[in-house]
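Chains as they are written, first to last, in the UniProt record's numbering: chain B, 1 to 443; chain G, 1 to 443.
Beta carbons are placed, not taken as given, at the ideal position from N, Cα and C, and that holds for glycine.
Predicted model, so just to flag it, every value in this text is computed and none were measured.
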């Protein structure tokens, strides 16, 4: 076995330079030839709006971005491809051959919440080294943050009951791994996806499918086979035929020690009540009820009063519950007027009509708190930070002169998100549509 | 350089066994112990409904599925993970160690259209070898088919004008590569994603970003830098400041040989007309107009009368234009009552309430044609195929006894889709919401 294979199986991001739009490279070529490629530049990632009706966003994917920056290299294979397809010229190929990002990256720590205009990531270096990272950075943050935002709403709706991520079959096989990670950041507890367990050490769980019951000559045979092999603590799927009959058989076979039953169809509120009553009558008072079946945050909330012990969520999680991507952009906000590394930076911004303007200048961001210590505004500025906001600044250093900070444990990120959400006004966790829960103010 | 690294950079699917829900493995363990794992079984992939309002679905990802089946192995690393986490027992690990799919797979050829109930893929072998593939097969087909369906609608709306896939930054970095592939199948012509060019040889293109204009001291400097380096045939982005001013400058610098201008904001219909008139007045009658900016199939259709030469589509393509996943499921439909390979197959189906029932039995499918040779029904049955439908059968052999058919060129798949869509009633390409364009009939 070689290291390349090992890395591959880990679903890592090795030569991430490939995940790049062609224009990043042709802009590089033109800038190299024009002598402007080395101008010191500042790019910022932000979003002009939250998805419609959402109260807050969740930063997720930062850890993956840092890993991807580390692996962003143009090796012989890639260079041969670019040469064969005549995508860029010889001098550009030479430049790419030795590419390593040597600049600085600051950003909101992963798990933090964000609002329209929040400078979620700030990338600083020469134009050339920064522009190349655009597509890859946006891919990761736009995907992962969309999933984490949905997960966070579902976690609020679940009110402490465990959430199982089961969406692998509903999205691209590698997007699924990132989705599991983002769901964990947003508050999910476990995943069914083995790749996510392997790659990120997220706890994995499994129940059983209808196919297993149908394979056997009777539901009784199937339940007995599962309990014999996996123990009484297993989760039996009880809705292949008749639910009441299945619950009776399940407890008969596993006894009151039966771990859980799963309900995957029907009116979950009604069925959960009936199953709980039946389990209790059979003495299986500790047997838990797991519900699945096209759940989203609203369905989860509607089951708050039902005797449900865990929710399994698939489709609506991995598709961001109606918002499968964020609208984060990566914009140049300042640049030098010469290649001199000491040349001052000038703010720049697109001026055209059409709602896509942006605000020039390298930004700081802080979350202003009210007297009770609760967030009351996202404050963003380009000048000096007011003294009273110095301790509430949001951007942290992630890469310094090309040196990438050590990866954070995912549990740290997950806890940070819980704390960040708890620091917002109470209406943040209302599921109903509304405006961002705190306003963005510019100084 | 080692082979593992090379493969990795090709964005292949090496040890796809990882992309699996845990319950596939625990069901395997229980079936092995119960002596039912070797029962011959038939699983089918189908969907109970199309996304709301859609007239047809597009099968995409089949080629990726076959590649993934080929690479579905449990090597030492994976087995160690499963052992360390105590996910399955020793006998199951031993079984997995030698796993190779040795059964048969039939399916709709990639690029074909499908309808509710269409048996898009049929997997046959022992229960054990078939059940393991569920998650991975569904991940690929659900994702890729969703993108291809959106692409197909956009291609119809574009009416022959070229479509550029630009969505990499709006979805997971590897989902983006699969999305480019699916978009090509659905009728897109090119992609901005270099990884898609590298991996699938899809033609890549690029324009320029606002950052490039803002890097330079004036728009004029930026345009000159781009034309000097990339030639007069390049595409200049004209909406950073004032569009009319930019178009004038662009033609002044590049001359009437200017390849194209890109408009990325504003009222595209109005701006395209103005820009066309201006270009013509400046003598740049062959300079093309490329529009981008949150296009979907409706926006594309609304620009049919505008002087637009190409559409660049991002977000709405890679998120399936409102339907980022399909609802395909993988269900056991028949199985033997013993491990004897010659034991007859019995149809099986879930019977519980809640709308999730399915139809048992191994199925054939055919598309019945009317007198003009146009599709009039999707006919699905479990008995003998009526003689008049023998030539209209849809399922083709993809894997025979574990031997996987040679990969198809993507252009073949793309042409198949164009032909399949052309064989549907005209209302198939209406963008308005409606029922599936042909009914599904069961025999």
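C-beta contact flag for residue i and residue j at 8 Å
i	j	result
residue 380 of chain B	residue 117 of chain B	yes
residue 105 of chain B	residue 398 of chain B	yes
residue 258 of chain G	residue 287 of chain G	yes
residue 365 of chain B	residue 345 of chain B	no
residue 148 of chain B	residue 107 of chain B	no
residue 21 of chain G	residue 192 of chain B	yes
residue 39 of chain B	residue 230 of chain G	no
residue 326 of chain B	residue 47 of chain B	yes
residue 121 of chain G	residue 137 of chain G	yes
residue 416 of chain G	residue 109 of chain G	yes
Residues that residue i contacts on chain G, provided the C-beta gap is smaller than 8 Å
i	result
residue 90 of chain B	Simply none; closest approach about 12 Å.
residue 33 of chain B	225, 228 and 229
residue 176 of chain B	19 and 139
residue 127 of chain B	211 and 215
Residues bridged to residue i (per DSSP)
i	result
residue 41 of chain B	B:125 and B:335
residue 346 of chain G	G:335
residue 426 of chain B	Answer by DSSP bridge pairing: none, since residue 426 of chain B is not bridged.
residue 237 of chain G	G:262
residue 440 of chain G	G:378
residue 191 of chain B	B:165 and B:204
residue 330 of chain B	B:45
residue 58 of chain B	B:113
residue 65 of chain G	BP columns for residue 65 of chain G are empty, so no partner.
residue 230 of chain G	According to DSSP, which records beta bridges pairwise, residue 230 of chain G is partnered with nothing at all.
Separation of residue j from residue i, as counted between CA atoms
i	j	result
residue 19 of chain B	residue 433 of chain B	35 Å
residue 94 of chain B	residue 297 of chain G	41 Å
residue 134 of chain B	residue 221 of chain G	23 Å
residue 41 of chain G	residue 178 of chain G	30 Å
residue 233 of chain B	residue 52 of chain G	40 Å
residue 377 of chain G	residue 59 of chain G	17 Å
residue 127 of chain B	residue 383 of chain B	22 Å
residue 292 of chain G	residue 163 of chain G	10 Å
residue 169 of chain B	residue 219 of chain B	25 Å
residue 404 of chain G	residue 129 of chain G	15 Å
residue 265 of chain G	residue 426 of chain B	37 Å
residue 7 of chain G	residue 67 of chain G	Note on residue 7 of chain G: pLDDT 35, under 50, position unreliable in the model; the coordinate value appears next. Taking the straight line joining both Cα atoms gives about 13 Å.
residue 421 of chain G	residue 208 of chain G	34 Å
residue 410 of chain B	residue 368 of chain G	54 Å
residue 253 of chain G	residue 419 of chain B	55 Å
residue 2 of chain G	residue 77 of chain B	Since pLDDT at residue 2 of chain G reaches only 32, below the 50 mark, its modelled position is unreliable, and the value read off the structure follows with that caveat. If I take the Cα positions, the gap works out to 12 Å.
residue 240 of chain B	residue 323 of chain G	28 Å
residue 145 of chain B	residue 315 of chain G	15 Å
residue 165 of chain B	residue 313 of chain B	5 Å
residue 440 of chain B	residue 124 of chain B	24 Å
residue 32 of chain G	residue 198 of chain G	42 Å
residue 375 of chain G	residue 272 of chain G	38 Å
residue 176 of chain G	residue 423 of chain G	30 Å
residue 385 of chain G	residue 29 of chain G	37 Å
residue 73 of chain B	residue 79 of chain B	10 Å
Interface residues of chain B facing residue i [CB-CB closer than 7 Å]
i	result
residue 325 of chain G	170, 171, 315 and 319
residue 23 of chain G	192, 206, 207, 208 and 209
residue 72 of chain G	The premise fails here: residue 72 of chain G is roughly 11 Å from chain B at the closest Cβ pair, so nothing lies under 7 Å.
7 Å Cβ cut-off: residues of chain G touching residue i
i	result
residue 131 of chain B	211
residue 443 of chain B	What residue 443 of chain B touches in chain G: nothing, since even the nearest Cβ is about 23 Å away.
residue 348 of chain B	214
residue 143 of chain B	171 and 172
residue 47 of chain B	Result: empty, since nearest Cβ-Cβ is about 12 Å, beyond 7 Å.
residue 41 of chain B	215
Within chain G, partners of residue i - CB distance below 9 Å
i	result
residue 140 of chain B	172 and 173
Contacts of residue i in chain B (Cβ-Cβ under 9 Å)
i	result
residue 136 of chain G	168, 169 and 173
Beta-carbon neighbours of residue i, restricted to chain B and to distances below 8 Å
i	result
residue 335 of chain G	214 and 215
residue 29 of chain G	229 and 230
residue 331 of chain G	210 and 211
Please list the segments of the beta strand (DSSP E) lying wholly inside the stretch 143-184 of chain G, counting only runs of 3 or more residues, in order along the chain.
163-165
Whole beta strand (DSSP E) runs in the stretch 248-304 of chain G with 3 or more residues, listed along the chain?
260-263 and 288-291
Which parts of the stretch 372-436 of chain G are runs of the beta strand (DSSP E), unbroken and 3 residues or longer, counting only runs that do not cross its ends?
375-381 and 396-400
My parser needs the alpha helix (DSSP H) runs of 4 or more residues fully inside the stretch 76-140 of chain G; what are they?
76-84, 90-97 and 127-131
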